[in-house]
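Undergrad:
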Amino acid sequence: MKNLISLSAMCCALATSAFAQEKTLTISTYSFAQDAYKAALYDPFEAICDCNLVIETGNSVERMSKIEANAADPVIDMAVISSQDALALSRKDLLSPLDLAQLSNHSKLYPAAQDPIGGNMAVGYTFYASSIVYRTDLVEINSWADLLDDKLAGNVSLPNITGTQGPLTLMMLNKAAGNEGTDFTSVISDIGTHADDIVTFYSRSSELAQLMNQEEVIAAPVGRFAWSRFKSSPLPFAWAEPKEGQAGGMNVMIMTKGNGNEELAHMFMNYWLSTEVQTRVAEALIDSPANSEVVVSDEVADNLTYGADLINSLSILSPAGIIDNREAWVEQWNTEVIR
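Numbering-wise, the sequence shown is residues -20 to -1, 1 to 319 according to mature numbering (1 follows the signal peptide of the UniProt record, and there is no 0).
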């Protein structure tokens, strides 16, 4: 009996030890390209860290709501999200500042990605440009203002105000009108005036690609991450380089406050930001690199937002500018555009 008790105690101790050594990192991310991410990022990291990655996907609203609902006892350790959504979570005191001492690859990032929302509450891992995709055989695009020109009436699509591309398009139309800042009142009114000339206000790039391949739309603003949908089309699409330049955005990594898994979260972030991984992700055409040391071929670069010259030239709308004005933009949009 005594030996039986000792054996039982030993088994319990071993089980407890094994449980303590089991490391799991829960990551909230976009549903985009998850099979490709698994091969380029998740599987290699698991082999290095001897840990398990739990990947949860969903749209931004769902994922932000889950972080907020579980603030007292986080079920998400880290997340990748837009810079403006990261700032919204930070303002609710739901994020933990990053320890840069644990991010040896931080200094390799383009300056705009190093502290995009302030307080080291986030770090950028990818950029994306936004411009106008158009049919070269049917129209010429030289300015963002061309989107509301009579030559495109009945053949143009614009992004919905609530989507990622919406505020960026407003910013560039505002710039084309000779204005700066985040007062988009006159631009939204102008879009409202031309609302009957807009085929649709799209919500997803896949929806836009279908309309353009069906030749219902010949020009529309779109993010560079969706360019492959158009580049591979048999129709003659081109990526515009308007005189006002291109808009830009950034996705960032964040860490939830009090998750208890900070060391592993930092390890994974640092791995993702490394030159090796950012190069691998770029060459797989998954994401554009935020690491300035990444070098890819011209063929690969043509599908990405790549290189210091382009990244430094992007017009990036500040996360605070979006959050502080979004409600007013949407209210006016619903009144004057969606009638």
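Note that the Cβ used here is the ideal one computed from N, Cα and C, for glycine as well.
1. For the 8 Å Cβ check, are there 3 or more pairs between the stretch 108 to 124 and the stretch 220 to 233?
2. Closer than 7 Å by C-beta to Ser169: which residues in its own chain qualify, once you throw out the five before and the five after it? Chain order, please.
3. Does DSSP put Asn122 in a helix, a strand or coil?
4. Using only the alpha-carbon positions, how far apart do Ala(-1) and Lys72 sit?
5. Check whether the Cβ atoms of Ile97 and Ala66 lie closer than 7 Å to each other.
6. If you reduce the DSSP assignment to three classes, tell me which class Tyr22 lands in.
7. Tell me, which residues are paired with Leu89 by DSSP?
8. Straight-line CA distance for Asn159 to Tyr22?
9. Which residues bound the alpha helix (DSSP H) around Thr149?
10. Leaving out the 5 sequence neighbours to the left and right, which residues in its chain are closer than 7 Å to Arg260 when beta-carbon positions are compared?
11. What does the alpha-carbon distance come out to for the pair Val167 and Ser63?
12. Please determine, among Phe12, Asn250 and His246, the residue with the shortest C-alpha to C-alpha distance to Asp57.
13. Cβ of Leu297 within 7 Å of Cβ of Pro54?
14. In the DSSP assignment, find the unbroken alpha helix (DSSP H) run with Ile291 in it and report its ends.
15. Per the DSSP calculation, Gly229 is bridged to which residue(s)?
16. On the criterion of 16 or more Cβ atoms from any shown chain inside 10 Å, does Pro139 qualify as buried, or is it exposed?
17. Got a sec, what are the start and stop residues for the alpha helix (DSSP H) Ala68 sits in?
18. Using DSSP's beta-bridge definition, name the partner residues of Arg115.
19. In the DSSP assignment, find the alpha helix (DSSP H) that holds Thr259 and state where it starts and stops.
20. Quick one, which of Ala92, Ala288 and Glu48 has its alpha-carbon nearest Leu75's?
21. What is the DSSP secondary structure of residue 332, counted as helix, strand or coil?
22. Contact defined as beta carbons within less than 8 Å: I believe Thr255 pairs with Glu273. What is the distance between those atoms, to the nearest angstrom?
23. In this structure, how does DSSP classify Leu74 when only helix, strand and coil are distinguished?
TA: Based on what the coordinates show:
1. yes
2. Glu316
3. coil
4. Only weak support is given to the placement of Ala(-1): the predicted model assigns it a pLDDT of 38, under 50, and the value that follows is read from those uncertain coordinates. Going by the C-alpha atoms only, they are around 32 Å apart.
5. yes
6. helix
7. Asn271
8. 44 Å
9. Gln145 to Ala156
10. Ala20
11. 24 Å
12. His246
13. no
14. Ala288 to Ser293
15. Tyr108
16. buried
17. Ser63 to Arg71
18. Phe217
19. Thr255 to Glu263
20. Glu48
21. The structure shown has nothing for residue 332, since the chain only spans -20 to 319.
22. 5 Å
23. coil
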